[in-house]
Amino acid sequence: MIAITGANGQLGRATIDYLLDKISPSQLVAVVRNPSSVQGLWNNQVQVRQAAYEEPGKLEAAFNGVHTLLQISTTSTGDAGVRQELNVVEAAKRAGVQHICYTSSLQADATADFTCSRQAAATEAAIRASGMQYTFLRNGLYMELILQLAGEVFEGGDICYPAKYARVSFVSRNDIAEALSKLVTGGSDKNRIYEITGSRAWSFYDVCEMLRQEKRLCCRYISISEEEYRAVLQSLPIDADLAELLCSMASGISAGEFSHTGDDLEKILGRPPMQLRSFIKGLQYEFHPAIG
Ligand SMILES: NC(=O)c1ccc[n+]([C@@H]2O[C@H](COP(=O)([O-])OP(=O)(O)OC[C@H]3O[C@@H](n4cnc5c(N)ncnc54)[C@H](OP(=O)(O)O)[C@@H]3O)[C@@H](O)[C@H]2O)c1
Numbered sequence: 127m128i129a130i131t132g133a134n135g136q137l138g139r140a141t142i143d144y145l146l147d148k149i150s151p152s153q154l155v156a157v158v159r160n161p162s163s164v165q166g167l168w169n170n171q172v173q174v175r176q177a178a179y180e181e182p183g184k185l186e187a188a189f190n191g192v193h194t195l196l197q198i199s200t201t202s203t204g205d206a207g208v209r210q211e212l213n214v215v216e217a218a219k220r221a222g223v224q225h226i227c228y229t230s231s232l233q234a235d236a237t238a239d240f241t242c243s244r245q246a247a248a249t250e251a252a253i254r255a256s257g258m259q260y261t262f263l264r265n266g267l268y269m270e271l272i273l274q275l276a277g278e279v280f281e282g283g284d285i286c287y288p289a290k291y292a293r294v295s296f297v298s299r300n301d302i303a304e305a306l307s308k309l310v311t312g313g314s315d316k317n318r319i320y321e322i323t324g325s326r327a328w329s330f331y332d333v334c335e336m337l338r339q340e341k342r343l344c345c346r347y348i349s350i351s352e353e354e355y356r357a358v359l360q361s362l363p364i365d366a367d368l369a370e371l372l373c374s375m376a377s378g379i380s381a382g383e384f385s386h387t388g389d390d391l392e393k394i395l396g397r398p399p400m401q402l403r404s405f406i407k408g409l410q411y412e413f414h415p416a417i418g
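In structure tokens:
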């Protein structure tokens, strides 16, 4: 049996869609904190178990009979985020899970600027120490985030972001979902770490150029200071934790923490990953409030 946490999220749902092409729904358990969020999905054939990352007892019950757990990282940060992820690992161990496949962060590092990278490093360490077999998918930045980072370009605005010339090896969430489905059903290659990236890394100047060429947008990339970015975030109706996370992400991007490229994803997929230019070409105009 394979269980997947965060099953109702964007990555979780896409992964389950790929998994259902490979295995019977009876072999899958979708773990969610709010079962009504998946009502009617997957022809109601996938077993749904309720547990939040803050609920160790419910997590253990949800993992009963599970051989392989696909642990999708939490959206919480700080001490709460670290605790939630450790709750999942500890519950999996108690429930007798044999193999954890964890969605980590690109080149996860306890000393990184990006908060989620530090958090992922702590979770990876706990999984290794647990003795369970592991597969870590250290995911780079989703291409889909460009819509949020650069949303105002569709209203005639510019990309104002504090990344200087730093490059990002953007990767498509959908490709990650397909890769996850292949890895958890593949049955081999345990205790492996994959750095999941696009095949090239691009600066925000490059992103702007692609938006001009492919979408005929007259946008510019203006590399603002981290202080200016923080002030923009503080003026938005978002909570302080999210603002901190976004500042740490920008600082990580500037420091080159998202620039690594490799061919791990291409090898897993058996085809080249989605290219940033193709993604931008396919963008449909939609209003996405910019966060930067
Ligand atoms: N690489 C990147 O660029 C990138 C970007 C964004 C996020 N991420 C990370 O990758 C993960 C998957 O991405 P995504 O696109 O699927 O994000 P998403 O659509 O926001 O989904 C997040 C999932 O995590 C669940 N979750 C969050 N806190 C939880 C808790 N305390 N207990 C139980 N479930 C909880 C959510 O459940 P609810 O629906 O109930 O909230 C949801 O199912 C995210 O959770 C985040 O850690 C990576």
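For what it's worth, this note's numbering labels the leading residue of the sequence shown as 127, then goes sequentially.
Glycine included, each C-beta is placed from N, C-alpha and C at the ideal position.
Pairwise C-beta distances place the segment 173 to 189 in contact with the segment 208 to 227, as three or more of them are shorter than 8 Å. In this structure, DSSP gives T201 a state outside helix and strand, which the three-state scheme calls coil.
Looking at L137, T194, A376, the one whose alpha-carbon comes closest to that of T261 is T194. Contact check between the segment 293 to 303 and the segment 317 to 326: three or more CB pairs, one atom from each, fall below 8 Å, which counts as touching.
Beta-carbon to beta-carbon, D301 and P399 are separated by about 5 Å, close enough to satisfy the 8 Å threshold.
DSSP, reduced to helix, strand and coil, places T229 within a strand of the structure shown. Between the alpha carbons of A140 and G282 lies a distance of about 32 Å.
Remark: C-beta atoms of L409 and L273 approach each other more closely than 9 Å.
Nearest neighbour of A252 by Cα position, chosen from I319, K184, N213, turns out to be N213. Runs of the beta strand (DSSP E) lying entirely within the segment 256 to 316, each at least 3 residues long, are 259 to 265 in chain order. Taken from the Cβ of E186, every heavy atom of ligand 1 lies 8 Å or farther away.
One alpha carbon belongs to G183, the other to A177, and they sit about 9 Å apart. Here DSSP, grouped into helix, strand and coil, assigns E383 to coil. By the beta-carbon neighbour count (other beta carbons within 10 angstroms, threshold 16), Y291 is exposed. Between Y144 and S307, the gap from beta carbon to beta carbon is short of 9 Å. Relative to ligand 1, even the nearest heavy atom lies 8 Å or more away from the CB of E216.
Residues close to ligand 1 by the beta carbon criterion (under 6 Å to any non-hydrogen atom) are, from first to last along the chain, G132, N134, G135, Q136, L137, G138, R159, N160, S163, A178, Y179, E180, I198, S199, T200, T201, S202, Q210, T229, N265, L267, Y268, L271, R299. For the pair L275 and C227, the CB atoms are not nearer than the 9 Å cut-off. Under the three-state reduction of DSSP, V214 is assigned to helix. Contact between N317 and Q224 is absent: CB atoms are separated by about 12 Å, not below the 8 Å threshold. Less than 9 Å separates the beta-carbon of D239 from that of G378. Counting along the chain, the unbroken beta strand (DSSP E) around L154 starts and ends at 154 to 158. Under the DSSP definition of a beta bridge, W168 lacks any partner. In this structure, D235 places its C-beta atom within 9 Å of the C-beta atom of E383.
Comparing alpha-carbon positions, the option among I348, K407, I350, Q245 lying closest to T201 turns out to be Q245.
In this structure, G132 sits near S199, with a CB-CB distance shorter than 9 Å. One alpha carbon belongs to S256, the other to R209, and they sit about 15 Å apart.
The three-state reading of DSSP puts E181 in coil, since its state is none of H, G, I, E or B.
Here G207 has T200, Q245 as same chain residues with Cβ atoms under 7 Å from its own Cβ, once five neighbours each way along the sequence are excluded. Within 10 angstroms of the beta-carbon of S150 lie fewer than 16 other beta-carbons, which makes it exposed. By DSSP's assignment, A133 forms no beta bridge with any residue.
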